Amino acid sequence: MDIKKLATDVLDEVIKWRRDLHQIPEIGQNLPQTSEYVCNVLDELGISYKKGVGLDSAIVGVIEGGKGPGKTLALRADMDALEIEEETGLPFASTNGNMHACGHDGHTAILLGAAKVLNDIKDEFAGKVVLLFQPAEEISAGAEPMVKAGALEGVDGVMGIHVGSISTQGEPGTILFSKGSMMACLDRWTLKIKGVGAHGAYPHNGRDPIVMAGKFIESVQTVISRELDPVDPGVITIGMVNAGTAYNIIPGEVNIEGTARAVKQETREFIAKRIGEIAESIAKVSGGSVEYDYIFGAPPVINDAEFTTLAMESATKVLGEENVELMANPVMGGEDFAYYLEEVPGTFAFLSTPLAIDGTIYPHHNSRFALDEEQFDKGVAVFVQTALDYFNK
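Numbering-wise (the numbering used here), the sequence shown opens with residue 1 and increments by one.
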């Protein structure tokens, strides 16, 4: 069976589905048009599914192999978009103020393509394919509700593919894997530094929280540069600092918000602890106090080595050895696909599909982000070949 040809044969449909989805981008957990579109395609393909698994717009499809029971493999695509005004100039660009600026339209179309192929050849394998069409990846609020609602019940393995240019490694058309840490956690923290307000001309009458905040902002970066092992990736980024109402008044408090990233759970916990300790020590010696909250979001994406080895072998069959690579290092972006990997062994992969707009390849979450649709058949082929090899192992 020529899986590569079967994938190429559905490419035109995959591109059509992607372009249709690209024009109806929706954000968050509620994706009425997108989920309706996916359900309509599944109906046309004759694939059974259940809608509302954990979230109203979440869809779980099922393809039963004709050769009887066997292992169950879940394949996942996220469907949500971003609140970005599109500026690509493409003929199928969105116009509703939202944009598929992270490739989720491509993910959904690729999974539909894989579903079509697998459904067409279902009499050739024993096992079950579960199709996970997930909302709310961009806010890390899609995978976990689906897992809690039983989307992975009876599932033995899971796989996902992300298109675009998340990693700078690999030429277009290359698929990248990791046999361990793939992506970082998605944590957020908030800090309120409390001082005593005073007139700007009489600072000795107050306890300046802005000075405390300045010391904190500088000191907290030493957690990464001086306290972590240089080969253990970590990030602490401050994205918001708010204080004051007038130029000549020392405010009573400063509010700071940021994100933290790590690829190991112990590093994640260490960063969370140290941010709080540094803030408290600075406030204490300066006569202030703090309120600190660390919100543990999606965990790191950690692939299963054995499953990843199988997936790489499958990808090599359909793409050639030259188009399959191991990542040199994890990336510090995050993905709530990690919640699936906490439940069952599996792998997440990056398919390089950048497309230049006006001679420039724009990054994810940019208003000019674009994808090379001609590479999508590779994602279909890898999904299908991996499923067949997994069932036959």
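By construction, the Cβ of each residue, glycine as well, lies at the ideal position given by its N, Cα and C atoms.
Because the structure is a prediction, the values reported are computed rather than measured.
Under the three-state reduction of DSSP output, histidine 162 falls in the strand class. With respect to the C-alpha of lysine 128, the residue from Ala81, Ile47, Gln134 having the closest C-alpha is Ile47. Between the C-alpha atoms of proline 233 and valine 301 there is a straight-line separation of about 14 Å. For the stretch 154-223, the full-length alpha helix (DSSP H) segments reaching 4 residues or more read 209-220 along the chain.
Measuring C-alpha to C-alpha distances from cysteine 185 to each of Lys378, Glu342, Ser367 identifies Glu342 as the nearest.
Cβ neighbours of leucine 228 within its own chain (closer than 7 Å, five residues either side excluded): Gly234, Thr267. Closest in C-alpha terms to glutamate 171, from the list Glu13, Ser225, Tyr37, Leu355, comes Leu355. Taking 8 Å as the cut-off, the beta carbon of isoleucine 139 is found no closer than this to the beta carbon of glycine 52. Comparing alpha carbon positions, the residue from Ser94, Pro32, Asp9, Tyr49 closest to glutamate 83 is Ser94. The C-beta separation of threonine 347 from glutamine 375 comes to about 19 Å, leaving the pair out of contact by the 8 Å criterion.
The stretch 268-278 and the stretch 316-335 do not touch, with fewer than three beta-carbon pairs separated by less than 8 Å.
The residues Gly28, Gln29, Asp80, Gly142, in chain order, have a CB closer than 6 Å to that of alanine 136 in the same chain once the five nearest residues on each side in sequence are set aside. Take the alpha-carbon of isoleucine 357 and the one of threonine 88: they are about 7 Å apart. Burial check for glutamine 265: the Cβ neighbour count within 10 Å stays below 16, so the residue is exposed. Cβ-Cβ distances below 7 Å link phenylalanine 125 to Gly65, Lys67, Leu388, Phe391 in the same chain, with the five nearest sequence neighbours on each side left out; the list follows chain order. If you compare the alpha carbons of Ala198, Thr259, Gly61 with that of valine 220, the shortest gap goes to Thr259. Counting along the chain, lysine 51 sits inside the beta strand (DSSP E) bounded by residues 48-51. Boundaries of the beta strand (DSSP E) harbouring glutamate 253: 253-262, taken from the DSSP string. Classified as exposed, leucine 326 has fewer than 16 neighbouring CB atoms from the shown chains inside 10 Å of its CB. The C-beta distance from valine 263 to proline 330 rounds to 5 Å, short enough to meet the 8 Å contact threshold.
Look at alanine 126 here: in three-state DSSP terms it is coil, with no helix or strand label. Take the alpha-carbon of glycine 297 and the one of aspartate 187: they are about 5 Å apart. Unbroken beta strand (DSSP E) runs of no fewer than 3 residues, entirely contained in the stretch 63-106, are found at 72-78, following chain order.
Excluding five sequence positions before and after threonine 309, the CB atoms of its chain that fall closer than 8 Å to its own CB belong to Lys179, given in chain order.
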